[in-house]
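**Q** Okay, here's the structure, questions in a sec.
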Amino acid sequence: MKVAYILHSTLPTGGATKAFKTLLQGLMERGIEPFVVMPDKDGIYQELSSQGIDCYATTFRSNTYPYCRNWKELLMFIPRLIARIYVIRRARKRICREICRRNIELIHTNVGVVDLGFYASGKLGIPHIYHIREYADLDFGMHYFPTKQCFRKQLESSYSICITRGIQHHHGLDNSPRSRVIYDGIRPSLSCTPTHKIGDYLLYAGRLEYTKGLDILLEAYAQCQDSGHDLLPLQIAGGNPQADFMKRIHHFIFDHHLETKVSFLGERSDIEQLMANARALIVPSRHEGFGLCMPEAMFNRCLVIAHDTAGTKEQLDNGAQLSGHEIALRFRTIDQLAKLLLDVSSAVPDTYEEMTKRSFLVVNQLYTTEATSNQTLQFYNEILGNHAC
51 MKVAYILHST LPTGGATKAF KTLLQGLMER GIEPFVVMPD KDGIYQELSS
101 QGIDCYATTF RSNTYPYCRN WKELLMFIPR LIARIYVIRR ARKRICREIC
151 RRNIELIHTN VGVVDLGFYA SGKLGIPHIY HIREYADLDF GMHYFPTKQC
201 FRKQLESSYS ICITRGIQHH HGLDNSPRSR VIYDGIRPSL SCTPTHKIGD
251 YLLYAGRLEY TKGLDILLEA YAQCQDSGHD LLPLQIAGGN PQADFMKRIH
301 HFIFDHHLET KVSFLGERSD IEQLMANARA LIVPSRHEGF GLCMPEAMFN
351 RCLVIAHDTA GTKEQLDNGA QLSGHEIALR FRTIDQLAKL LLDVSSAVPD
401 TYEEMTKRSF LVVNQLYTTE ATSNQTLQFY NEILGNHAC
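Just so you know, we're using our numbering here: the sequence shown kicks off at 51 and counts up by one.
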């Protein structure tokens, strides 16, 4: 089966990219012949090309309005919108040509905010899947062009894979026979429970932006410090910082005298090792679509302290239903998070050993490469079967 995949970014550390790489590996092992379309020749383009995978790069943008978060972006809003429309329309023609040349049977767009695959599908008569990994508005502050209603009409004539039930509901796809919930696969299933060397630091792993809730974590951390309690050091691993947001973060750290307790590690290639050695990973995201870092930590037997909301909550609820017990420590308020940080910092390191064992068993059942690949391939076959009728 020949499938065209359209990616919105080549950034190797992006959640959508990491999830795609894992899915692609599993599907190729099951006989899929991929053709991967990307907006540039950086990052993952080089990686996939070196593996002999058919890749094509042409400049395009997401089918959303440009951001308007400050006065500079406001001044450039109309010029950027016009440029974006032009670039997208040019890319549509190029991608249609390349897909037609390769006799592609199915088009799979890796995110919901790129519409190139949808338009190629209509022109070439090829089935199309939107892999919806985001709320768009709630998590990234994005707004579909020209309207969300137009995007919903596209969904009606496409197929869709949603990475959580919450995202499926948000886009009005709960009862659609063309939509499936398939959770992201993190890694191949493991036959034995990994060991965990518990370290002496707390860890945040993710992009340095408002939606990921780093400010929530720091407020809770500072609350404990200001009240005289001593917490474990906090290490922050992540890139793609938002300049205005990070300016506020650094001011906050300085104002609360946290310079000696909080370390910025930047983007790391050893993030799983950092998780494996951390006392706990904190996931404070305001409205996470799925949140790869939480099951990644659980695969490494790392305790998780997670914001009980959106896709994060769905993962926690899945784990509680499957195992009969909580698989992580939940919080809803800054006060609750502060107490959990204090509890974990002061506890004997193996206090949460049973919880981390349960969390591993849950993710090793629900979020494996095998589960994701098998469900996706089954959906492909169903789509092509319907299309042939």
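Every residue, glycine too, gets a C-beta built ideally from N, C-alpha and C.
#1: Measuring alpha carbon to alpha carbon, tell me which of 81, 79, 86, 425 ends up nearest residue 67.
#2: Keeping to the same chain, check which residues put their C-beta closer than 7 Å to that of residue 181; ignore five residues upstream and five downstream.
#3: Report buried or exposed for residue 257, applying the criterion of at least 16 other Cβ atoms within 10 angstroms of its Cβ.
#4: Checking 7 Å against the spacing of the C-beta atoms, do residue 254 and residue 303 come in under that value?
#5: What ranges does the beta strand (DSSP E) occupy inside the region 228–280, keeping only unbroken runs of at least 3 residues that lie completely in it?
#6: Quick check: the Cα distance between residue 436 and residue 226, rounded to an integer number of angstroms?
#7: Is DSSP giving residue 96 helix, strand or coil here?
#8: Rounded to a whole number of angstroms, what is the C-alpha to C-alpha distance between residue 316 and residue 144?
#9: Are the region 321–336 and the region 170–181 touching by the rule of at least three beta carbon pairs closer than 8 Å?
#10: Assign residue 189 to buried or exposed, taking buried as 16 or more other Cβ atoms, counted over all protein chains shown, within 10 Å of its Cβ.
#11: Tell me, which residues are paired with residue 444 by DSSP?
#12: Could you give the distance in angstroms between the alpha-carbon of residue 64 and the alpha-carbon of residue 355?
#13: Work out the CA separation of residue 409 and residue 269 for me, nearest whole Å.
#14: Looking only at its own chain, which residues have a Cβ that is under 8 Å from the Cβ of residue 58, when we skip the five neighbours before and after it?
#15: Does residue 246 pass the burial test, meaning 16 or more other C-beta atoms within 10 Å, or should it be called exposed?
#16: Under 8 Å: do the region 359–378 and the region 283–297 share three or more Cβ pairs, one atom per stretch?
#17: Considering only DSSP beta bridges, list what residue 105 is partnered with.
#18: How would you call residue 54, buried or exposed, if buried means at least 16 neighbouring beta carbons within 10 angstroms?
#19: Opposite residue 52 in the DSSP bridges: which residues?
#20: For a quick check, are the C-beta atoms of residue 80 and residue 416 less than 7 Å apart?
#21: Check residue 137 in the structure and name its three-state DSSP category.
#22: Taking only the alpha-carbon atoms, compute the straight-line gap between residue 340 and residue 412 and give it to the nearest angstrom.
#23: Give every residue of the same chain whose Cβ lies closer than 6 Å to the Cβ of residue 369, excluding the five residues on either side of it in the sequence, and list them in chain order.
#24: Look at residue 93 and residue 60 and say whether their C-beta atoms are less than 7 Å apart.
#25: By the 10 Å Cβ neighbour count, where 16 or more other Cβ atoms means buried, how is residue 395 classified, buried or exposed?
#26: Grab the span of the beta strand (DSSP E) containing residue 330 for me, first residue to last.
#27: Using only the alpha-carbon positions, how far apart do residue 305 and residue 117 sit?
#28: Do you know offhand how far residue 235's Cα is from residue 346's?
#29: Identify which residue in 414, 393, 361, 199 has its Cα closest to the Cα of residue 185.
#30: Taking the alpha-carbon positions, what's the residue 298 to residue 51 distance?
#31: Out of 323, 259, 263, which has the shortest C-alpha to C-alpha gap to residue 296?
#32: From which residue to which residue does the beta strand (DSSP E) around residue 292 run?
**A** Looking at the atomic coordinates:
#1: 86
#2: 158, 159, 160, 161, 211
#3: buried
#4: no
#5: 229–231, 252–255
#6: 15 Å
#7: helix
#8: 36 Å
#9: no
#10: buried
#11: Because the chain here runs from 51 to 439, residue 444 falls outside it and cannot be looked at.
#12: 22 Å
#13: 27 Å
#14: 66, 89, 112, 160, 161, 163, 164
#15: buried
#16: no
#17: 86
#18: buried
#19: 83
#20: no
#21: helix
#22: 15 Å
#23: 377, 412
#24: yes
#25: buried
#26: 330–333
#27: 30 Å
#28: 10 Å
#29: 361
#30: 50 Å
#31: 259
#32: Taken as a continuous stretch (DSSP letters only), residue 292 belongs to no beta strand (DSSP E), as it is neither H nor E.
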